[in-house]
């Protein structure tokens, strides 16, 4: 696990209701990863929607960024106990991806896959209804590789390891399937407000 850009601040009282238990507010944006940062060119980038092992639809970068764009400002919370408030993103809502694919009722579970081989599981209900997006911009600028660019999953109401960097596929499944960190002892769901950091929390 690599980390940099970390500055922590004590949470003021007026932010207290936005900081989950055990977290501290930071004004920086720490960079954490399980391995080296992949450098994915836009020409090589693609995003695939799957039902089980079967690809349903695939987009190039140009096709994907032509989908409806949405701005979202949310607080984010890392399992390493930092929280960053009011983070501004732009990208494509999962709802709009599903609509483009004509997929109205996907299976109940999702496994997000990344270019570096990383994966994480998220219940499908936590991705739809405007809750999540594939983000391509942060603070009005293209997402940097260190923060998951060209595109990352953004599921801000769960611990940030669920917001998979360098995303290249969403795979919908009938059964829940643990991803990279979940197989290594992290919580299967990861609700910051319930401090679901590790298995058994």
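Residue numbers (UniProt numbering): 1 to 201. Just so it is clear, CB atoms sit at the ideal spot from N, CA and C, and this is done for glycine as well. For clarity, every value in this text was computed on a predicted model and none was experimentally measured.
- For residue 162, the secondary structure class from DSSP, reduced to helix, strand or coil, is helix.
- Runs of the alpha helix (DSSP H) lying entirely within the UniProt domain "Oxidoreductase molybdopterin-binding" (35-181) and spanning at least 4 residues, in chain order: 61-65 and 94-101.
- The stretch 20-38 makes contact with the stretch 76-83; the number of CB pairs closer than 8 Å reaches 3 or more.
- For residue 82, the closest of 30, 133, 141 and 96 by C-alpha to C-alpha distance is 30.
- Between the alpha carbons of residue 69 and residue 93 lies a distance of about 8 Å.
- The Cβ atoms of residue 132 and residue 153 sit closer than 8 Å to each other.
- By the 16-neighbour rule on beta-carbons within 10 angstroms, residue 118 is buried.
- Where residue 25 is concerned, the enclosing beta strand (DSSP E) starts and stops at 24-26.
- Three or more Cβ pairs drawn from the stretch 167-186 and the stretch 111-128 lie within less than 8 Å of each other, which places the two stretches in contact.
- Contact annotation: residue 136 and residue 185 have beta-carbon atoms that are not nearer than 8 Å.
- Taking residue 37 as the centre and dropping the five residues before and after it, the same chain places the C-beta of 145 and 146 closer than 7 Å to its C-beta, in chain order.
- With the rule of 3 Cβ pairs closer than 8 Å, the stretch 181-199 does not count as touching the stretch 94-110.
- A Cβ-Cβ separation of about 6 Å places residue 195 in contact with residue 22 under the 8 Å criterion.
- No Cβ-Cβ contact shorter than 8 Å links residue 138 with residue 85.
- In the three-state reduction of the DSSP assignment, residue 198 falls in the strand class.
- In the same chain as residue 61, and ignoring 5 residues on each side of it, the C-beta atoms closer than 6 Å to its own belong to 42 and 45, in chain order.
- For residue 151, the CB contacts under 6 Å within the same chain, skipping 5 residues up- and downstream, are 134, 136 and 167 in chain order.
- Residue 128 and residue 105 have their C-alpha atoms roughly 10 Å apart.
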